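The block underneath contains the structure these notes are about, expressed in structure tokens.
Protein chains: 2
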Amino acid sequence: MITQPAFAVEAWTIRERELNLDVLAQTESIFALSNGHIGLRGNLDEGEPCGLPGTYLNSFYELRPLPYPEGGYGYPESGQTIVNVTNGKIIRLLVDGAPFDIRYGQLQRHERELDLRAGVLRRTAMWSSPTGRTIKVSSIRLVSFTQRAIAAISYEVEPLDAPVRIVVQSELVANEALPDVGKDPRASAASLLPLESEEHEVQNMRGLLIHHTQASHLRIGAAMDHLVEGPEGMTMEAESTPDIARVSFSAWLQPGERLRIIKFLAYGWSSQRSRSAIHDQLIAALTAARSTGWEGLLAEQRDFLQAFWKHAGIEMEGDAQLQQAVRFAQFHALQACRRGEQHPIPAKGLTGPGYDGHTFWDTEIFVLPVLTLIFPHAAAEALRWRHSTLPLARERARQLGLRGAAFPWRTIHGEECSGYWPAGTAAFHINADIAYAVTFYIACTDDHIFEQEVGLELLVETARLWRSLGFLDTHGQFRINGVTGPDEYSALANNNVYTNLLAQQNLRAAAEASRRHPQVACSLGVDTDEIASWNEAAEKMFIPYDQDLNVTPQDDAFTSYERWNFAGTTPDQYPLFLHVPYFDLYRKQVVKQADLVLAMHLRGDAFSPEQKARNFAYYEPLTVRDSSLSAATQAIIAAEVGQLQLAYDYFAEVAFLDLYDLAQNTRDGLHLASLVGIWTALVAGFGGLRLRGSSLAFTPKLPERITRLTFRVVFRNRCIGVEITPTEVRYVLLKGSPLAVWHEDETITLSTQEAVIRPTSQIQAGPRPDQPPGRVPLKRAARPLSDGPVELFHHNR
Amino acid sequence: MITQPAFAVEAWTIRERELNLDVLAQTESIFALSNGHIGLRGNLDEGEPCGLPGTYLNSFYELRPLPYPEGGYGYPESGQTIVNVTNGKIIRLLVDGAPFDIRYGQLQRHERELDLRAGVLRRTAMWSSPTGRTIKVSSIRLVSFTQRAIAAISYEVEPLDAPVRIVVQSELVANEALPDVGKDPRASAASLLPLESEEHEVQNMRGLLIHHTQASHLRIGAAMDHLVEGPEGMTMEAESTPDIARVSFSAWLQPGERLRIIKFLAYGWSSQRSRSAIHDQLIAALTAARSTGWEGLLAEQRDFLQAFWKHAGIEMEGDAQLQQAVRFAQFHALQACRRGEQHPIPAKGLTGPGYDGHTFWDTEIFVLPVLTLIFPHAAAEALRWRHSTLPLARERARQLGLRGAAFPWRTIHGEECSGYWPAGTAAFHINADIAYAVTFYIACTDDHIFEQEVGLELLVETARLWRSLGFLDTHGQFRINGVTGPDEYSALANNNVYTNLLAQQNLRAAAEASRRHPQVACSLGVDTDEIASWNEAAEKMFIPYDQDLNVTPQDDAFTSYERWNFAGTTPDQYPLFLHVPYFDLYRKQVVKQADLVLAMHLRGDAFSPEQKARNFAYYEPLTVRDSSLSAATQAIIAAEVGQLQLAYDYFAEVAFLDLYDLAQNTRDGLHLASLVGIWTALVAGFGGLRLRGSSLAFTPKLPERITRLTFRVVFRNRCIGVEITPTEVRYVLLKGSPLAVWHEDETITLSTQEAVIRPTSQIQAGPRPDQPPGRVPLKRAARPLSDGPVELFHHNR
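Going line by line, the protein sequences match chains G and R.
Residue numbers for the first sequence follow this note's numbering, beginning at 28 and rising by one.
Residue numbers for the second sequence follow this note's numbering, beginning at 28 and rising by one.
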């Protein structure tokens, strides 16, 4: 955990003022740079010390066999794991022959700063070598949002007290040694086959390495070129071996003189393109980058971010530390999603090897709805990637004896990679989640071309899956048995309410979209009988209800189970899955992450307000939040049922998850769904944004501490601005033709002519519900601490 | 499958008249010899060709890591696998320099014969070498029932047409190469670390090898000594290397002359004893065997078996082929169980490496009750082995967060070795099964010493497990959720009726035994509160019932599930688990093996006769018998509800399971529970034997074809003989003081004075229930075929 107030509270930067080697791996994740295609962890320029070295390319993976102590039909035989590719970040420095390594000599000063407006990672170090020479090193690193294949580094060194002989080695290094990952199942898998070299080359200051993976047969190339400024007499030499390309600069520097290197890095990979094609592609990318120049890249980056913040930036007043966390989250979400371009969006973005670099249902349920309301185009691209994997999903459905498509629980390339079927294969809700994202996207964009090309087929094939997975029982009810819902502390349940409600929506959406596009539907083999069978299943979908308790059970049997012995569980036994067996979790009332509560968010139409409040009060004392996917949803429903301070506490927990390493695995990468969940907690939680039918609806209200909250959403080619204060909400249409939206139960029409102002919502709330002992979220002070220090945020355990 | 009528129908032998290499591995299992301590597969003397080489010592295992694609808390990290130890069976033969290998030259004649009265495997071969010399080879092999560490072979060779130079090499071979086992999960695991040599030695005609396992640290020694008879000029030499000891005999034989070798083999292993202690132990065993001599060993073996058949042999008239199968089964059951002596009884006996040599619940539920009624001492020994593993079972319970003891689903040494927890760890019924065997043993023997020393503690610790595994719900009912019953096509069910009924009996038995032995109970920490809590749980045990269907559901939800699509399942899709995923089996009405039906056998008191008939009729069409553990139980309940021909069909299926390789995995070893199940199908099925309270009860009736059935059981120091004909049953007390037993609902008193004769039972049966399409057991003809050939028995697929 990151216990100290590690980062200064500043509006637009994440600044680390001292280097703490104990949390180096965590800060490497926090300071990671990415554009969705390339990901560079925040490793120190000189390569060592290092928590986890990491350089990733979206979808570049290696296969590894999945071993089973006892095999079974339909178990995936090979897994896909993200590869730590050729490291181009490395710039080693020798000062009078002594390597610059902050574990030796004396580090006088060290500062790193992630600049959220400039889109760069800056670093400054003052270091005295073991032989007593003091130097200053300054580097700036960026991964370009505008030039997808390009990263760049400015590296500058200057002696402070005496003349020194400086050698700077700029490198590309393939097949770096990786540390042992231990046993946490959330970390990445065992080591992979090394990359095999195909080509290595240096020419002048340019170096290039091309490799391929041994099992997945993917080719990857990395190239670098340099600009250098230094004193007279500076020399340069270059060499390469299969796994290393190195360009070295040597100079004799007086105090006040500097050696400055600009390093342009280009990456490319392909499953099909030849070595020479990859080679040329890298050279071309370098040419474009050199032609833009370092200052040009910086300017493009800043312009890009300026537009982003203007368009998407959330502003809140009353809690500067949380405002910072919100911006941090928005920045990383942008990095993960902006340039995915028909590739999957992994659960960790490209910030670390956690979960093997896989994408899960999180993307469709937590990430894509947010993208849809900010950058609809990026959401469409991600769904087009899903669509491109349909042949594999159909094949998987056939293998499982089902119709339609069965999308993988976790994957990079599209094949199922889960080696634990009760929480993988059985978690069929992934299919309804994809349909949810499709339906949400179409409702918010009216994108008919997408619907015809991509959306309809996804809806049809998932609806077919549900129709064959469930059955009409003797009482005429449609039941879906033996599946696993979002809560990973339950499995193989009958009629998981979340699953059934989302499947119901999926079936209806397929029927409606088929009617809207009869020709395309016909080409997919849809006929009126099939549409009728979907409607019948949706209409007769069984939703269990516990009449005794007057609550909605998570599934048929959940509320009849023994309650988890929370009183007998010690704080160090969380997360439970690392300390107790699944068999016991599955058979008791204990919830890892919002499940029924998530259903109340996504299918709020299926519950009355009173039922929501009762259900929320029932599940709160059972929910331990051992998953980072939980608190944002709890914040949203807490806000909906009027528990505004509880919502705020949850919101803070989500917002600080990675900045304070609350889940203790930020080392393996940031939690993208949480980062995005911060947006949702604010917009859907305090803004109360929902899709009501095909219209936007808002029920705005603020927790005590927040004095102002503003956000913007894109909806059907409009841009809507919302500004909430404790007393009133102000809606403005920033772009587009007039639009009717709901404010609470009133339809208001927004136009660019004038703002619409309404009082904020007043909700009668019951008593604040309890959480399991020791799992109460830390209370966020209701008022800012007067001129005090940064508020600490310790996790509740 | 073994399709031809492979074996001659003879009363006391299993004779193979031709060698069929396609089913060599199967016949190696069928011709395996064992005494429960040593097991020798029926490999050909000369070692090759070979299906699966196999030499086993009870409980001699190696550890192997259990790999998981996604780990989890409480998963066993290492598995135990039976080791193919030093092969002492090998006797190689060279005829004028050509190796005797039946794949070359011409095999004129080959016969193998398992003699069930002599307890030996005989083999005769007439073979012409590639160079045209014809010889006759005769061997006899035994594993001694009377000298536990000893096996012996008589090997004789004689030229038939011309003088030949004969070389016979008698060997001990460690670390034989094993064939690849393929993917069937029922086969054994991947290859193990080789045995490491500690000592090798030859002296005169004696050879000895001592090795140890690398991971489990067990030491094993094998030794051989020889007697030889041959012509003048015969020479002998001997040599050894770390993995081979070899004694070679060379002679020039004229037609009519013979070379005959008697090979004595001794085995020993230990986890504690030193190399020199093992060495000496082997020499001593050889000394005893030599002193007994070959003829002496044969005589002891024959005497032992004579007593066995007299005491335990089942006789039936009307179906000679089945009579033979019954004797085959009884012989192998004897081999597997007679000399276990506080070691586990593996599912395959010592006939093959299937299931890694593990013991399962089969032993307690299917094997031990039979042993209890034939050789109660052997049943007690097996339970003493379970008792010796209590510390490990307690530790496992702690690891799982439970009280008492959690015995392993599969093991050799006592640690859980199951790598698939939904069908391993969750199958908690193993604990009630052990308690069942204990209770049954005590009721049938009145063995108070056993009860005090072993039984009570086993009952108490398993009762404690149940008390902590289940809970009293808000309606005051005791529920056991999330467990897996016997049927492996269901898992993680709530209130599996089999489990709950056996747990109920377990709880009551612990309470009663504690009251009988208050001092011992007190020393185990049992107090009156605890006894009361067991009784309360037993009394309030929840047993679900489906009022709509008027049947007992296998568990809370079973009868609400979709029926398996039997019509859409092709014959080649059985066994289903090799062709469809578990997730789909678990969520539908399809039964792999008797579950509720087994509960009706073991807890018949909990069901009315009408309920039994209804339940049986309900489950028959759902039960696919993909497990060999099913048909015997179906035969028993079919007989109870009056379906006598169906019972007979099932009985035949059980009886021919291994002789016709019906499960297609006899190659990996025989199915011990089935072999024993034949006894139970006859005695509990047609004899109708049950324990009613603490008394024996019989409801005898015969299927049409059987004209006479006799069996004996041991009960409380009495020996009872039962002879059933189509019209009447004759009970005789062969030994012991008078005893009251039930005949149907009448109490009759048996004494050694005179037999009691009653008419056989008449049961009104409903229509014969259906089985799933393609899974109807083959109908066994109701009358013997007149002077026709042997009846074929093809499996139903």
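Idealized CB from N, CA, C, for every residue including glycine.
Please read these numbers as outputs of a predicted model, since none were measured by experiment.
Legend entry - Exposure of G:I476, with buried meaning 16 or more beta-carbon neighbours within 10 Å: With a threshold of 16 other beta carbon atoms within 10 Å, G:I476 falls short and is exposed.
Inset, instruction - For G:P373, go through chain R and note every residue whose CB falls closer than 7 Å to its CB, in chain order. - result: Within chain R, no residue comes near G:P373; the closest Cβ sits about 17 Å away, beyond 7 Å.
Inset, instruction - Below 7 Å CB to CB, which residues in the same chain sit around G:T660 once its five sequence neighbours on both sides are set aside? - result: Residues of the same chain with a CB within less than 7 Å of the CB of G:T660, apart from the 5 flanking positions on each side, are A621, V624, L625 and H628 in chain order.
Legend entry - C-beta atoms of R:Y447 and G:P96 nearer than 8 Å: A Cβ-Cβ contact shorter than 8 Å links R:Y447 with G:P96.
Inset, instruction - Give the C-beta separation of R:E228 and R:S197 to the nearest angstrom, bearing in mind that I take them to be a contact with Cβ-Cβ under 8 Å. - result: Between R:S197 and R:E228 the Cβ distance is about 15 Å, and since that is not below 8 Å, they are no contact.
Inset, instruction - Find the nearest neighbour of R:G98 within the set G:P94, G:A360 and G:T693, judged by alpha-carbon distance. - result: Nearest option by C-alpha distance: G:P94.
Inset, instruction - Run through the stretch 334–368 of chain G for me and flag every whole alpha helix (DSSP H) of 4 or more residues, listed as ranges in chain order. - result: Fully enclosed alpha helix (DSSP H) runs of 4 or longer: 347–364.
Inset, instruction - Specify the secondary structure class of R:M232 as computed by DSSP and reduced to three states. - result: Three-state result, R:M232: coil.
Legend entry - 7 Å Cβ shell around R:N47 - same chain, five flanking residues per side excluded: Same-chain partners within the cutoff: there are none.
Inset, instruction - Using 10 angstroms around the beta-carbon of R:D330, count the other beta-carbons present and answer buried if the total reaches 16, otherwise exposed. - result: It is exposed - the Cβ of R:D330 has fewer than 16 other Cβ atoms within 10 Å.
Legend entry - 8 Å Cβ shell around R:A518 - same chain, five flanking residues per side excluded: Only P449, A450, A453, T511, Y609 and Y613 meet the Cβ criterion.
Legend entry - Within chain R, the residues that G:E89 reaches when beta carbons sit closer than 9 Å: Under the 9 Å cutoff, chain R gives no residues; its nearest Cβ is about 15 Å from G:E89.
Legend entry - Spatial distance of R:I41 from R:G509 (CA atoms): A direct Cα-Cα distance of roughly 46 Å separates R:I41 from R:G509.
Inset, instruction - For chain G, find out if any of its Cβ atoms is closer than 8 Å to the Cβ of R:Y447; answer yes or no. - result: Cβ-Cβ to chain G under 8 Å: yes for R:Y447.
Inset, instruction - Report yes or no: is there a C-beta of chain R within less than 8 Å of the C-beta of G:D500? - result: Contact with chain R is found for G:D500, since one of that chain's Cβ atoms lies less than 8 Å from the residue's Cβ.
Inset, instruction - Round the Cβ separation of G:L529 and G:A459 to the nearest angstrom and send it over; I've been treating them as touching at under 8 Å. - result: At roughly 4 Å, the Cβ-Cβ gap stays under 8 Å, so G:L529 and G:A459 are in contact.
Legend entry - Whole-angstrom C-beta distance between G:I162 and G:V122, which should lie under 8 Å: Correct: roughly 6 Å between the Cβ atoms.
Legend entry - Residue from G:L766, G:W561 and G:P186 with nearest C-alpha to G:S722: With distances taken between CA atoms, G:S722 lies nearest to G:L766 out of G:L766, G:W561 and G:P186.
Inset, instruction - Tell me the start and end of each unbroken beta strand (DSSP E) in the stretch 547–585 of chain R that is at least 3 residues and wholly inside, in chain order. - result: Listed in chain order, there is nothing to give.
Inset, instruction - Assuming R:L324 and R:A250 form a contact by the criterion Cβ under 8 Å, report the distance between their Cβ atoms to the nearest whole angstrom. - result: About 16 Å; that fails the 8 Å criterion.
Inset, instruction - In the DSSP assignment, find the unbroken beta strand (DSSP E) run with R:K806 in it and report its ends. - result: Neither: R:K806 is in no beta strand (DSSP E) and is coded neither H nor E.
Inset, instruction - Less than 8 Å between the CB atoms is what I'm expecting for R:V618 and R:Y646, so what's the real figure, rounded? - result: About 6 Å separates the two Cβ atoms, so the contact holds.
Inset, instruction - State yes or no: is the C-beta of R:A470 within less than 8 Å of the C-beta of R:L777? - result: Taking C-beta atoms as the reference points, R:A470 and R:L777 fail to come closer than 8 Å.
Legend entry - C-alpha gap between G:H821 and G:N692, whole angstroms: For G:H821, the predicted structure reports a pLDDT of 46, less than 50, and the residue's modelled location is therefore unreliable. A value from the coordinates is still provided. Rounded to whole angstroms, G:H821 and G:N692 show a C-alpha spacing of 15 Å.
Inset, instruction - Look up R:M263 in the DSSP assignment and give the residues it is bridged to. - result: The bridge partners DSSP lists for R:M263 are R:F276.
Inset, instruction - Compute the Euclidean distance between the alpha carbons of R:Q107 and R:T438, then round it to the nearest angstrom. - result: Rounded to the nearest angstrom, the two C-alpha atoms are 7 Å apart.
Inset, instruction - Compute the Euclidean distance between the alpha carbons of R:L760 and R:I751, then round it to the nearest angstrom. - result: Rounded to whole angstroms, R:L760 to R:I751 spans 15 Å at the Cα level.
Inset, instruction - Over the uninterrupted alpha helix (DSSP H) stretch that includes R:L826, give me the two end residues. - result: Outside the modelled stretch of chain R, which goes from 28 to 824, sits residue 826 of chain R, for which no answer is possible.
Inset, instruction - Could you tell me whether the Cβ of R:R824 comes closer than 8 Å to any Cβ of chain G? - result: Note on R:R824: pLDDT 32, under 50, position unreliable in the model; the coordinate value appears next. No, R:R824 lies away from the interface with chain G (no Cβ there is under 8 Å from its Cβ).
Inset, instruction - Tell me, please, whether the CB atom of G:V607 is closer than 8 Å to any CB atom in chain R? - result: With 8 Å as the cut-off, G:V607 counts as an interface residue toward chain R.
Legend entry - Interface residues of the stretch 607–621 of chain G facing chain R [CB-CB below 7 Å]: For the stretch 607–621 of chain G, which is checked against every Cβ of chain R, the residues closer than 7 Å are V607, P608, Y609, F610, D611, Y613 and R614.
Inset, instruction - At 7 Å on the CB atoms, spell out the chain R contacts of G:G441, in chain order. - result: What G:G441 touches in chain R, judged by beta-carbon distance under 7 Å, is nothing: the nearest beta carbon there is about 18 Å away.
Legend entry - Residue of R:R802, R:E225 and R:E256 minimising C-alpha distance to R:E183: Here the closest residue by C-alpha is R:E256.
Legend entry - G:I664 - DSSP class collapsed to helix/strand/coil: DSSP places G:I664 in helix when its eight states are reduced to three.
Legend entry - Within-8 Å CB hit, R:Y100 to chain G: Answer yes: the Cβ-Cβ gap between R:Y100 and chain G drops below 8 Å somewhere.
Inset, instruction - Output yes if chain R places a C-beta closer than 8 Å to the C-beta of G:N521; else output no. - result: So yes, G:N521 belongs to the interface.
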